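Peer 1: So the sequence lines, in the order shown, correspond to chains A and B. For the first sequence, the residue numbers in numbering that gives the first Met the number 0 are 0 to 745. For the second sequence, the residue numbers in numbering that gives the first Met the number 0 are 0 to 142. Note that CB positions come from ideal geometry on N, CA and C, so glycine has one too. It should be emphasised that the depicted structure is a prediction, and the values quoted were computed from it without experimental measurement. Here it is, the structure, as structure tokens.
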Amino acid sequence: MNTRQVDLISCEREPIHILGHVQSHGYLIAIQPGSYTIVHASENIADLTGVEASQLLGKPIQIVLEQTNAGTDSLVELLNVGSRHNTWDTMNPYRQIIGNRTWNLIIHQHNGLILLEWEPSGDQTDELTNQQLVAQALTEVQSSRTLTDLLQNTAQRVKTIIGFDRVMVYRFGADWHGKVIAEALEPHLEPFLGLHYPASDIPKQARELYKVNLVRLIADAESQPSPIVSLPDWPADKPLDLTHSVLRAVSPVHIEYLHNMGVQASMSISLLYRGELWGLISCHHYSPRFVSFPARQTAKFVSQLLSAALEFRKDEEDQTFRLQSLQNGQALHEQLLEDGDVVRALLKHPTTALDVTKAGGVAVLFNGQFHQLGQTPDESATRALTEWLRSTNAETFFQTDRLPSLYSAATSFRDVGAGLLAIALSPDLDEYVLWFKPEQVQEVTWAGNPEKAVTVTDDGQHRLSPRKSFAAWTETVRNTSTPWSEAEVSTVVKLREDILQVVTRQANEIRLLNQRLQAAYEELDAFSYTVSHDLRTPLSSIRCYSEILVEEYGADFNEDAQLLFKKIIDSTDRMRSLIRHILYYSRMGRTELNQQAVDIQTMLEGIREEFLVAEKGRQLTIDIKDTPALSGDPVMIGQLFTNLIGNAVKYTRLNPTAHIEVKGYQANGEIVYSIVDNGIGFDMKHSGKIFDLFKRLENARQFEGSGVGMAIVKRIVNRHEGKIWFHSEPGRGTSFFVAFADPTAQ
Amino acid sequence: MTDVLYVEDDPNDADIFSRLMRKLDRSISFTIIDNGFEALDYLTSQGKYLDQTRPMPKLVLMDLNMEGISGFEVIQQARQTESARFLPIVAFSTSDSPTDVRAAYEAGINAYIVKPGGYQATASLLSRLYDFWLDNNLCLDSR
């Protein structure tokens, strides 16, 4: 694709275990096990033996030390013992004085050959100190309170053992990029603690070697490595395998890397966790520095001790976070139970929904409202995200550490939300709790400026520049957050249950209230019935007996008594009508809506007929124009038009030629009906009262009425989720408009 | 032998009815029963009406809202006996509630009349009722 990609591949493929060189501070010989015939030798071996490497090839091992003061016999004996027991570890290092120097001979057998490596013995005086350090390290592992403490103290201890300028504990992430999590350094140096390194800094095959070779020393990065020469007839495709060699030369790429950092000596000690590379103790020295085999073994022992401790500590650390999450989850649960308000319980108390995960922000969509804490996308982005979540059918929860690759719109807010952990409370109501983790690159402090990548061209050969690999790393972690741990997910899933429990309980409370309301309605129903029946019965008696009195004894009454009886009878009429209207009003509020298509044309014609019969003798026309279909409760709709047309009939009574027009039309998904009359009208400034129960307008006094009719109309309109409005002027008639949802519109 | 049976527990209504019958001055015999239990006994020939051999009335006016046993129940139970199965029963009630109207029809009434609530109005109503149910309507005489 681009050169960077190609460079990366070339780095990954570099065969660093068979590079064919050794570091120049030591010497190497490889022999065949049975015959002890020399098949490989490092070219610099002449410095030790006085014999050219090419002269040694094909000869028996005895020849090597022949010209030195070291005993040849003892070397052969040593090899015999090792071969017999098939082990070399116990005899390493074998101290030999060659010339006037003491050497450590390290022997191992690998891939069909025995390798002998001589390196300087170093300073002998440290050995006791090292033993003390090991003992201290052991105590340390037992007593350190946290993993961080333990690692920090180990860094210091390793620094004391090997005396390097800088000792870092470097931890790998899931994507193999590394972070410096502990450091011991000379006071004048700039700390690297907290810095991140791209995964490509330590390529895969290097990581594999770190798992095999737990300790690795580069004594002088600037020195010229010594090539390994082989028997002339040695097959070219079988170079010496240096996997376990202590002198193995360093890959040019790595040398370049160290050079860029100004490091001249480096040592690394592997930290393994359950057989996998967990981290490295990476040691830098800014001048060449050799660390003797025993010191390296001590450091290795400390690292093994630490690796063993990691197995427990890491679990413990996870356990601590899990426990913390659990406690915070419980606190939230208590807040939910006490508070009842989901949003407040999650966001407004000392413990918040942000405390159950390592997220950077949390958003709560509940009851149509958006709330958030910390760093989250804004409301519209969050709503769009939940819209998408719904389409993924995530019924309970959803988690990802790479949201932008699943949902491209998330690219715009990856700086706060590259990772998403969401729980669905009610997808239908768009109710979610969402935790966001920022894009990882946002959290990373780079070791070196990725913008200043240097391309190194070595003899026209393109190779990966270590600094340049930052850009590649950035590419790979772009749009990615740190992953959600199992503890985070399980806490959040539990929290969802807690929230739903509270929500359900509240819903049940509402249902209970509804039941009580229902009971109250039924009581009111019974009351209305009593009013309509029990009050009407004595009223009828009053009315009837008054009529009987007038009929049977009327002749004996004077005119005043006659008038009084008429007033009684009229009053019973009014009371009867009032009672009937109250009953209607209450009935319109509570009876179930029997929604269906209404034959509005027939209904209006029926109503017109009734009024024309009742108002016989008047000059009254009721025009029925277009009657688009309506859907509603036929009884209620009938009541509504009866009342509206009835009012029009009533308030046009003073007009010699009364005209009423009823028509319907479709508008914006609604059916609007208008009832227009040329009656007395009213002043719009009193219009606020028109739908109030028992309220009658000033100029309506001369007309009979209970003041309930329009209240019934309003109630019917409300029950149908419709609208009602009007226009009127005194003396210029009134227009009423009612709007219902258009049953033909979607 | 009675033409009209009026079941009514309100004494005033019963009294007004009696007065109206006099006022109408038609040769119509009537009986008023003031509670549902007795009305049911009457219609099913039970209790004190046991063993009485008499034809059923030509019309029953049934008030619905009564103490004890309601008109609905009386009608419903009466309809289960052979003698009252096809008897013209007209609900005569103060209530105009659609629920009551429906329940009355389901119990088996032949017609539903809301009490007009006035003397004159009741007079003219009864007059029309008798014209139809006593003169025009053809009964099935179950005896």
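Starting from the beta carbon of Thr651/A, find every residue of chain B whose beta carbon is closer than 9 Å, and list them in chain order.
Peer 2: By Cβ distance, chain B contributes nothing, its closest Cβ being about 27 Å from Thr651/A, past 9 Å.
Peer 1: Do Ala183/A and Arg165/A come within 9 Å of each other at the CB atom, strictly closer than that value?
Peer 2: Yes, Cβ-Cβ distance for Arg165/A and Ala183/A is below 9 Å.
Peer 1: Which one or two residues does DSSP pair with Gln665/A in a beta bridge?
Peer 2: According to DSSP, Gln665/A bridges with Ile670/A.
Peer 1: Just the Cα atoms here: how many angstroms apart are Leu271/A and Trp277/A?
Peer 2: Looking at the two C-alpha atoms, the distance is approximately 5 Å.
Peer 1: Quick check on the burial criterion: 16 or more other C-beta atoms within 10 angstroms. Buried or exposed for Met746/A?
Peer 2: In the structure displayed, chain A extends from 0 to 745; residue 746/A sits before or after that span and is not available.
Peer 1: Taking any Cβ of chain A, which residues in the region 52-67 of chain B have a Cβ under 8 Å from it, in chain order?
Peer 2: Hits within the stretch, in order: Asn64.
Peer 1: For the candidate residues Val262/A, His348/A and Ser727/A, whose alpha-carbon lies nearest to that of Ile674/A?
Peer 2: Answer by Cα proximity: Ser727/A.
Peer 1: Distance check for Leu78/A and Thr319/A, CA to CA, integer angstroms please.
Peer 2: Computed Cα separation, rounded: 52 Å.
Peer 1: Is the shortest distance between the beta-carbon of Arg18/B and the beta-carbons of chain A less than 9 Å?
Peer 2: Answer yes: the Cβ-Cβ gap between Arg18/B and chain A drops below 9 Å somewhere.
Peer 1: Residues of chain B with a CB under 7 Å from the CB of His532/A: which are they?
Peer 2: Those are Asn64, Thr93 and Ser94, listed as they occur along chain B.
Peer 1: With DSSP collapsed to three states, give me the class of Phe681/A.
Peer 2: Coil at Phe681/A, not helix or strand.
Peer 1: What residue range is occupied by the uninterrupted beta strand (DSSP E) comprising Val634/A?
Peer 2: It is not in any beta strand (DSSP E) - Val634/A instead sits in the alpha helix (DSSP H) that spans Pro633 to Tyr650.
Peer 1: How do the region 246-263 of chain A and the region 339-352 of chain A stand: do at least 3 beta-carbon pairs fall below 8 Å, yes or no?
Peer 2: Flag = no, the region 246-263 of chain A and the region 339-352 of chain A do not touch.
Peer 1: Going by the CB atoms, is the gap between Leu112/A and His195/A shorter than 9 Å?
Peer 2: No. Outside cutoff.
Peer 1: How should His84/A be labelled, buried or exposed, when 16 other C-beta atoms within 10 angstroms of its C-beta is the threshold for buried?
Peer 2: When all chains shown are included, His84/A counts as exposed.
Peer 1: What whole-angstrom Cβ distance do Thr351/A and Leu322/A have, given they're in contact under 8 Å?
Peer 2: Contact doesn't hold; Cβ gap of about 18 Å is too wide.
Peer 1: Indicate the three-state DSSP secondary structure (helix, strand or coil) for Ala358/A in the structure shown.
Peer 2: Coil at Ala358/A, not helix or strand.
Peer 1: Anything in chain B within Cβ reach of Val634/A, meaning under 9 Å, just list it in chain order.
Peer 2: The answer, in chain order, is Pro97.
Peer 1: With a CB to CB cut of under 6 Å and the five nearest residues on each side skipped, what residues in its chain are close to Ile68/B?
Peer 2: Cβ within range, chain order: Gly35 and Phe36.
Peer 1: Taking a contact to mean a Cβ-Cβ separation below 9 Å, would you say Ser229/A touches Leu56/A in this structure?
Peer 2: Yes. Within cutoff.
Peer 1: Asp9/B versus chain A: which residues are under 7 Å apart at the beta carbon?
Peer 2: Going along chain A in sequence order, the residues near Asp9/B (Cβ under 7 Å) are Thr536.
Peer 1: Expressed to the nearest angstrom, what Euclidean distance is found between the alpha-carbon atoms of Ser142/A and Ser306/A?
Peer 2: Cα-Cα distance, rounded: 15 Å.
Peer 1: Among all the DSSP beta bridges, which residues are the ones paired with Glu118/A?
Peer 2: Beta-bridge pairing links Glu118/A to Asn103/A.
Peer 1: Measuring only the C-alpha atoms, how far is Thr80/B from Arg718/A?
Peer 2: So the two alpha carbons sit approximately 44 Å from each other.
Peer 1: Is Ala657/A near Leu619/A, with beta carbons less than 9 Å apart?
Peer 2: Taking 9 Å as the Cβ cut-off, Ala657/A and Leu619/A qualify as a contacting pair.
Peer 1: If you draw a straight line from the alpha carbon of Arg401/A to that of His109/A, how long is it in whole angstroms?
Peer 2: C-alpha separation (whole angstroms): 44 Å.
Peer 1: Consider the Cβ of Asp33/B: report whether some Cβ of chain A lies at a distance smaller than 9 Å.
Peer 2: No, because no Cβ of chain A sits closer than 9 Å to the Cβ of Asp33/B.
Peer 1: Considering only C-alpha positions, which residue in the set Ser17/B, Asn11/B, Ser26/B and Arg21/B is nearest to Leu133/B?
Peer 2: Comparing Cα positions, the closest option is Ser26/B.
Peer 1: Which residues in the same chain as Leu63/B place their Cβ atom closer than 7 Å to its Cβ, once the five residues preceding and following it in sequence are excluded?
Peer 2: Answer for Leu63/B: Ser69, Gly70, Phe71, Ala90, Ser92, Ser94, Asp99 and Ala103, listed in chain order.
Peer 1: Could you compute how far the alpha carbon of Gln61/A sits from the alpha carbon of Ala205/A?
Peer 2: C-alpha separation (whole angstroms): 35 Å.
Peer 1: With distances taken between CB atoms, is the gap from Asp632/A to Gln595/A smaller than 9 Å?
Peer 2: The answer is yes: Cβ separation under 9 Å.
Peer 1: Give me the chain A residues within the contact set of Ile112/B, using Cβ-Cβ distance strictly less than 9 Å, ordered along the chain.
Peer 2: By Cβ distance, chain A contributes nothing, its closest Cβ being about 14 Å from Ile112/B, past 9 Å.
Peer 1: Just to make sure I have the definition right: I need the residues of chain B whose C-beta is within less than 8 Å of the C-beta of Glu546/A. Which are they?
Peer 2: Correct list: Gly117, Tyr118 and Gln119.
Peer 1: Any idea if Thr651/A is buried or exposed, counting beta-carbon neighbours within 10 angstroms, 16 or more meaning buried?
Peer 2: Per the 10 Å Cβ criterion, buried.
Peer 1: What do you get for Arg510/A, buried or exposed, if any count of 16 or more other CB atoms within 10 angstroms of its CB means buried?
Peer 2: The residue is exposed, with fewer than 16 neighbouring Cβ atoms inside 10 Å.
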